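Below you'll find the structure, written out as structure tokens, and then a few comments.
Residue numbers (the working numbering): 7 to 353.
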């Protein structure tokens, strides 16, 4: 028997199997905890960097969580050509930070929503022509673009480290030291931690930063304590900008490029999740990969229509499936439902 035909010994529940509901819910919740910060904080960072926090931070977080949950469930339980049929968690895409800031500064959330919704249509085309697009946007090109995207975000992040509350009276370097401590915590765990511990690197780094920031008077939990456990955002739907102004046409190419790179990332995740979610090695099912890209596109389309940032597949879910040996679709359904329910908790 060849290696490709051997049973995956570490697999406890494959994609087609049904683990107990309790186990599925716990694993789904665990993945949600790992990715929640990225989903909720990224839109807030974008609004703050754009100087538009008052435009509706509560709405964009609500929409991001709701769409991420629905898209995650769609990936786990496909509907027609949409969905991979595997555990692929969806969440806010950090690749769009720079272009989203520019869009909000140029036309607010309505312009952002229109750009996200229209650029999402490219993902449906990508799914139809997987082979053709792969020749154009190969891993080298995609990796270069992702690296450049990260570089464009650095100045934004560094500028935000100097921002402090208006009534702050502490040392002027306190924000910088807090940011450095957070970064060091994430890097140490990511570089030297075990496989399971590395997954918690970003979350542990955020907690460490909060612990350091609180005695330095950089944290204010009053808004959290006053918020209700269940409710809707105080601000409503921002709408869409259908004027198709000069700003729209100027920014559209950038959104299309980042969308294409995101689709390529989903393409890779769609292949990777298949390799670890079945008891026996199987040839790659490109129809499933096509469904993953389509579901990503549907998530982005909904994100745009709701006026929030685009989403993408989170590779964290692949790592969790690999470590736990549980690749059952039920985990994705529970996790997606938890994300969607969290959208209705202002706290």
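Positions of the beta carbon are idealized from the N, C-alpha and C atoms, including for glycine.
Keep in mind it's a predicted model, so treat the numbers as computed, not measured.
Residue environment, residue i, which counts as buried when at least 16 other CB atoms sit within 10 Å
i           : result
residue 256 : exposed
residue 220 : exposed
residue 65  : buried
residue 286 : exposed
residue 280 : buried
residue 22  : exposed
residue 45  : buried
residue 236 : exposed
residue 252 : exposed
residue 132 : buried
residue 79  : buried
residue 218 : buried
residue 194 : exposed
residue 348 : buried
residue 232 : exposed
residue 13  : For residue 13, the predicted structure reports a pLDDT of 42, less than 50, and the residue's modelled location is therefore unreliable. The matter cannot be settled from this model.
residue 28  : exposed
residue 134 : exposed
residue 198 : exposed
residue 85  : exposed
residue 245 : exposed
residue 283 : buried
residue 30  : buried
residue 203 : exposed
residue 33  : buried
Whether residue i touches residue j by CB criterion (8 Å)
i           : j           : result
residue 309 : residue 73  : yes
residue 96  : residue 322 : no
residue 297 : residue 20  : no
residue 70  : residue 49  : yes
residue 38  : residue 345 : yes
residue 36  : residue 327 : no
residue 342 : residue 42  : no
residue 303 : residue 129 : yes
residue 90  : residue 301 : yes
residue 102 : residue 259 : no
residue 188 : residue 207 : no
residue 299 : residue 277 : no
residue 222 : residue 191 : no
residue 292 : residue 94  : no
residue 261 : residue 52  : no
residue 313 : residue 243 : yes
residue 352 : residue 180 : no
residue 121 : residue 254 : yes
residue 62  : residue 290 : no
residue 40  : residue 209 : yes
residue 125 : residue 272 : no
residue 99  : residue 268 : yes
DSSP-derived helix/strand/coil call for residue i
i           : result
residue 279 : helix
residue 93  : coil
residue 68  : helix
residue 23  : coil
residue 317 : strand
residue 236 : coil
residue 292 : helix
residue 98  : strand
residue 350 : coil
residue 88  : strand
Given 8 Å, three or more beta-carbon pairs between the segment 112 to 121 and the segment 335 to 344:
As far as the Cβ criterion goes, the segment 112 to 121 does not touch the segment 335 to 344, which means the pair count is below three.
Check whether the segment 104 to 115 touches the segment 47 to 67, taking contact to mean three or more Cβ pairs, one atom from each stretch, closer than 8 Å.
Enough Cβ pairs lie closer than 8 Å, so yes.
Would you mind listing the alpha helix (DSSP H) stretches within the segment 180 to 207 that are 4+ residues and don't spill past its ends, in chain order?
Runs of the alpha helix (DSSP H) lying entirely within the segment 180 to 207 and spanning at least 4 residues, in chain order: 180 to 198 and 201 to 205.
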